[in-house]
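**Student:** Pasting in a structure now, in structure tokens, and then I'll have a few things to ask.
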Amino acid sequence: MSYVPAEAIAKVQNNDASLTSLNLASNALFNASADENTIAIAQGLKTNTNLKELNLGGNGISVSGATALAEALKVNSTLEKLNLEKNSIDNEGLQAIAAAIKDNKGLVELNLFGQGREPGEGVLSTFIESFEYNTSLKNIIWRLTSRQSFKINACITRNNEIKRRLAAGKSVDDIDPNIRRETEARVLAERAAGLPKFEKKEEEEITSAPEATGGPYPLRVLQAKKEFLPADVDSNKREDFLSDDDFQTAFGESRESFNSSPVWKRKQKKQQLNLF
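Heads up, the sequence shown is in my numbering, so the first residue is 24 and it goes up one at a time.
This is how it looks when you write it as structure tokens:
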């Protein structure tokens, strides 16, 4: 159904149950006050529990509109698809959206294609940081040439694998970053309270290759014999498939610090961790 912007905004703000999909792409009336209208929609999204798809592509939305949408994404868990293609969102606006993804639990697809320039490295780093918490976003439509795109794609692959496993009734404990973080927090809390040290179950030796998910993978999976590694893991670069948190814990330093150290030192650390 076609709506004029004022009518559509009112329906979003009033949480109209009949409005589950809204397409205002390349709308001349909306475009005339693009950021103002976007801010009004974003305000409504904060309390809206019915709208699942929103298309605001080709409307000249800039940083203020994008920032308002980012604030809405932090609290809205109903919207599943957001199309912002061919707008004028700069790195500041994209950065706000990337940071909001950390708290969002409903968005499945995000279209950021054609903003006039490729997202900056800082924006991509923020997306990667947010994916350490977000397990719902399964597709981002954009065009990237940065090497960080590989890490982002791995996170998206992981989220899709989480969905597949949950649908099949399988455990996601080894790939869900939130479950891993909760376990680590519980262990620290027990130690701080003076309770007995958390004893991990003795894990069986890996004798078959786990399914390839794009990573990240737990340390023990990457310590397996070469023939038992996931198919997508380069046995000479096993450390690349650790999450940033697991990398810091295992190596005692950040990935950037490790990569800048001498080759002999990197080789020595990898041997100590059975990652060589």
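Just so it is clear, CB atoms sit at the ideal spot from N, CA and C, and this is done for glycine as well.
In this text the structure is predicted, and so the values were computed from the model without any measurement.
Is Asn162 helix, strand or coil by DSSP?
**Tutor:** Start at 1 with the first residue of the sequence shown, and residue 162 comes out as number 139. It is a strand residue.
**Student:** Would DSSP call Leu369 helix, strand or coil?
**Tutor:** Beyond the ends of the chain as shown, which are 24 and 299, falls residue 369; an answer cannot be given.
**Student:** Should Gln171 and Gly145 be called a contact, given that it needs their Cβ atoms to be closer than 8 angstroms?
**Tutor:** Walking along the sequence shown from the start, residue 171 turns up at place 148. Walking along the sequence shown from the start, residue 145 turns up at place 122. Cβ atoms of Gln171 and Gly145: not closer than 8 angstroms.
**Student:** Based on the DSSP secondary-structure assignment, which residues constitute the bridge partners of Asn46?
**Tutor:** Counted from its first residue, the sequence shown places residue 46 at position 23. Paired residue(s): Asn78.
**Student:** On the DSSP letters alone, give me the boundaries of the beta strand (DSSP E) that Leu252 sits inside.
**Tutor:** Counting from one through the sequence shown, the residue named residue 252 turns up at place 229. Per DSSP, Leu252 belongs to no beta strand (DSSP E) and is neither H nor E.
**Student:** Quick one: complete alpha helix (DSSP H) runs, 4+ long, within the stretch 165 to 215?
**Tutor:** Within the stretch 165 to 215, the complete alpha helix (DSSP H) runs of at least 4 residues are 171 to 190, 200 to 215.
**Student:** Would you identify the three-state DSSP class for Glu132, choosing helix, strand or coil?
**Tutor:** As a first step, residue 132 is located in the sequence shown; it is residue number 109 there, counting from the start. Strand.
**Student:** Give me the Cα-Cα distance between Leu242 and Glu152, rounded to the nearest whole angstrom.
**Tutor:** Reading the sequence shown from its first residue, position 219 is the one you call residue 242. Reading the sequence shown from its first residue, position 129 is the one you call residue 152. The alpha-carbon atoms of Leu242 and Glu152 are separated by roughly 19 angstroms.
**Student:** Using beta-carbon positions only, say whether Gly80 and Asn110 come within less than 8 angstroms of one another.
**Tutor:** By 1-based counting over the sequence shown, the position of residue 80 is 57. By 1-based counting over the sequence shown, the position of residue 110 is 87. In contact: Gly80 and Asn110 (Cβ atoms closer than 8 angstroms).
**Student:** Could you check the C-alpha separation between Ala40 and Asn183 for me, to the nearest Å?
**Tutor:** Within the sequence shown, numbered from 1, the residue matching residue 40 stands at position 17. Within the sequence shown, numbered from 1, the residue matching residue 183 stands at position 160. One C-alpha to the other measures close to 29 angstroms.
**Student:** So what does DSSP say about Pro285, is it helix, strand or coil?
**Tutor:** Numbered from 1 along the sequence shown, position 262 holds the residue referred to as residue 285. It is coil, neither helix nor strand.
**Student:** Using C-beta distances below 7 angstroms, list every residue in its chain close to Asp126, excluding the 5 sequence neighbours before and after it, in chain order.
**Tutor:** Residue numbering aside, residue 126 sits at position 103 when the sequence shown is read from its first letter. Excluding positions up to five away in sequence, the list reads Lys97.
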